[in-house]
Structure formats: structure tokens, C-alpha cells
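In this note's numbering, the protein residues as written are 2 to 423.
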């Protein structure tokens, strides 16, 4: 049984390792990495905090038999935290003591997936002990229908903590990026002098460049004897601020189980976009049914608990709904967030995308909106969308504002990694 290096990362503690002989310290580290099954080969015995850390890791990743609830075995060890809530609560406390937050989140996720601890998250005491993150929110949303009333308030508090942290991290940059994009996209042909965009005006009138004879040679020493000017037949100006919405944004989000992190991020971004008066934002989530959550965008926690992770996928039906709500195609951006595993009518889905683009809609297809690596997705459908001029790619939350800005300004999208394109 091997452990990844991240599983042995530890907090700064009282114990310093610089006092240990180099060979002993090297063996200690290898012993922590390889786990209990390699104790005999390393010849290293762990004590104190090292032993406690090893017990917490072995409870999740160990092998063998004879495990006690506290992570210490009588003989061999086995992966498992037991079915008792107190045992899990102790383990959660241990890993938060010995490991940094990023590692705690990974271990919690592995415990839920490997050891089937989802049911224990229905207990308020467990929720209060866990380290909140996006993946935990996804798990809680999938358990929402089975969650007892005594747990729901605690679950909402956990979700709200994650959502507020994401809003703090993402809101200011999203607002700054999109506000600039909206200002640049609102061009007018008869601007006031102070509203002229001189850079674009000059470029738009370069064909009107005239060569003129030089003035008095005495005042142009060293010149070529000629000069020139651009006749601005057409002025390009910035649009002045308006209370009316400049762009309509439609977020169409797949809420199948594999898209949990994307649903969380899309809900947060939806709330941020909805708070911008120059945008009209609509949030639509779907599986085989379609739900419009636009009226809940003032509270992304309500949005998240309005979703239902799991079920099938009917992208065609969802796009049909979105298409029916478009009233200003040339000023509309539709963002489809889905792994593209279509359970509906494939050809109809592609026809809808083609029709929207033909009408002037900017169509963006994101395979995932999360910090994860390359997602699993339907390559055939992604290639078909790419052929329609709507390339599908994975997008991190930090890149999303730039993607939206490019779509608003009708520029090429900043696709992050060509490797992930179909």
C-alpha cells in the first residue's frame, strides 16, 4: 500500500526534524509515505505525533485486518472508520489537527467515496466537524432529499460558508472584467467629442489617409518633405452609461451528479452577474427536466438547494427552453455548462445551437466550471459543437470572467489548453 506525497503533508508542529540524523529522518519520511505495511522493510518505528498521523492515514488508506475504531490495530490494519459516529468524529478531529486544510479536504472526499460515509453527513455533529469545500457542498446537495429536518439548517450553514468564501474570491475580479468589457462593447457612431474612442476611430479610417505636401521647409528640417493625415469619416465612440441592461446572459447548467462542482460555481457566478445592473441574467438548470432558478439568484444558497443532482440529461430540452426566452439575439450570451452526454435528441440539440448562432447569439460551451483537471465528456458532441463555431472546453473559475468578457465583446474565446479540445 503506497500513499501519495500529499497524504503525508503535515502542519508546522512543535516537533522539529532537523535534530534527527539524516538517515533516520529519511527512513521516517519513507515510513510515513509507504504506510504500515512497509514498517518491517524500513525498520523504523513511529512514536508520538508521527504515530497518530500514521493512524489517521491508515484508517483511510491502510490494508489488512484487525482495525480498532481509534485507528490502532491489534495486529494488521484495515481501511475503515467503523460505523459509529463518535469514531468518525474523532478521526475528523485528528486529521484537522495534523494536516493542512487542503489535505483535509482531499482525505474527507476520499473517506466519503471509499468508505461510504455519506450517510453520516446527515448527522449535525458530523457536519460541524468537517472542513467545508466545494466537493462537500456537492455531496450535501445530492443528499438533500434524504436529509432530516434536524440536519438541514446545519447543512445550509456549511453551504453558505463555502458560497461566501467563493463570492469573496471571485466577485471583485468578475465585476471589474465584465464592466470593462461592457463599456468597450457599447460602441456608437455619433459620439460626443469626449466619448470618442480614438484608437478604434483611427484604425477604422486608415483607408482615408492622405499624403500632404510639407509646410515651410525651414520648420521641417530633416523631414522627407511630405506629411499626412487621416480623415475621420466615421467616428467610433464609447457608449454612455445606461440603466438598461446592455447584455442578456443565460447560464444553462447540467445538474447531473458528475457536474456537482460546476453547479456550485455556476450558482455563485450567476448571483454575481445578476447583481450587475447592466446585465440581465437567467439561470437554468436541467437533467431530464428544466428548472428556471432566476428568481432565486439573490441568494446562491437557495439556488443550490433548488437543484437536484443526479438523474438523466436532456440538453436539447434545456436549450429549447433557453432559446424561447431570447428576445435580443445580438445582445445575448448563452453559456452551456455540461459534459455533453446527451440523453435527448442529438440532432435537434445541434440544430438549436446552429439556429441561435445564426441569429447572432454568442454561444459558449463549457465542459466543466471547476478547478479539476480534464473532465470526462462526450467527444463526439464536443467535436460537433466545435464544427458549428462553438468550441467546448473546460474552464476554471478564475478564467470564467475572461471567457465572459470575450463573449460580450465578440472576441475569440481564451481557450486555456488546446489539449482538452475535441
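Note that CB positions come from ideal geometry on N, CA and C, so glycine has one too.
Would you mind listing the beta strand (DSSP E) stretches within the stretch 256-328 that are 3+ residues and don't spill past its ends, in chain order?
280-287 and 291-293
Below 8 Å between beta carbons: does that hold for residue 351 and residue 267?
no
Under 8 Å between C-beta atoms of residue 260 and residue 340:
Yes, Cβ-Cβ distance for residue 260 and residue 340 is below 8 Å.
N-terminal and C-terminal residue of the beta strand (DSSP E) that residue 338 is part of:
333-338
The stretch 319-328 in contact with the stretch 281-301 per 3-pair CB rule at 8 Å:
yes
Give every residue of the same chain whose Cβ lies closer than 7 Å to the Cβ of residue 297, excluding the five residues on either side of it in the sequence, and list them in chain order.
303, 304 and 307
Could you name the residues of the same chain whose beta carbon sits closer than 6 Å to that of residue 97, not counting the 5 residues immediately before and after it, in chain order?
105
Below 7 Å CB to CB, which residues in the same chain sit around residue 211 once its five sequence neighbours on both sides are set aside?
Contacts found: 229, 230 and 232.
My assumption, with CB atoms under 8 Å, is that residue 407 sits in contact with residue 361. Please give the rounded CB distance.
The Cβ separation is near 16 Å, so there is no contact.
Do residue 253 and residue 327 have their beta-carbon atoms positioned less than 8 Å apart in this structure?
no
Continuous alpha helix (DSSP H) stretch holding residue 365: start and end:
Careful: residue 365 lies outside any alpha helix (DSSP H), inside the beta strand (DSSP E) at 363-370.
Can you give the Cα-Cα distance for residue 378 and residue 342, rounded to whole angstroms?
7 Å
According to DSSP, which residues form a beta bridge with residue 249?
As DSSP reads the structure, residue 249 sits in a beta bridge with 281 and 333.
Please identify the residue among 150, 157 and 151 whose C-alpha is closest to the C-alpha of residue 139.
157
Can you tell me whether residue 141 is buried or exposed, with buried defined as 16 or more other CB within 10 angstroms of its CB?
buried
Rounded Cβ spacing between residue 136 and residue 262 (contact assumed at less than 8 Å)
Indeed, because the Cβ distance is near 6 Å, the residues count as touching under 8 Å.
Consult DSSP for residue 203 and reduce its assignment to one of helix, strand or coil.
Secondary structure at residue 203: helix, using DSSP grouped into helix, strand and coil.
Just to confirm my understanding: we take residue 411, look at its own chain, exclude 5 residues before and 5 after, and list those with CB closer than 7 Å. What are they?
363
Express the C-alpha separation of residue 132 and residue 102 in angstroms, rounding to a whole number.
7 Å
How should residue 67 be labelled, buried or exposed, when 16 other C-beta atoms within 10 angstroms of its C-beta is the threshold for buried?
Because the pLDDT of residue 67 is 37, which lies under 50, any placement of that residue in the model is unreliable, and the number read from its coordinates should be weighed accordingly. The residue in question, residue 67, is exposed, as its Cβ has fewer than 16 Cβ neighbours within 10 Å.
With the cut-off set at 8 Å, would you say residue 53 and residue 99 are in Cβ contact?
yes
Determine, using beta carbons only, whether residue 394 and residue 409 come nearer to each other than 8 Å.
no
Check residue 159 in the structure and name its three-state DSSP category.
helix
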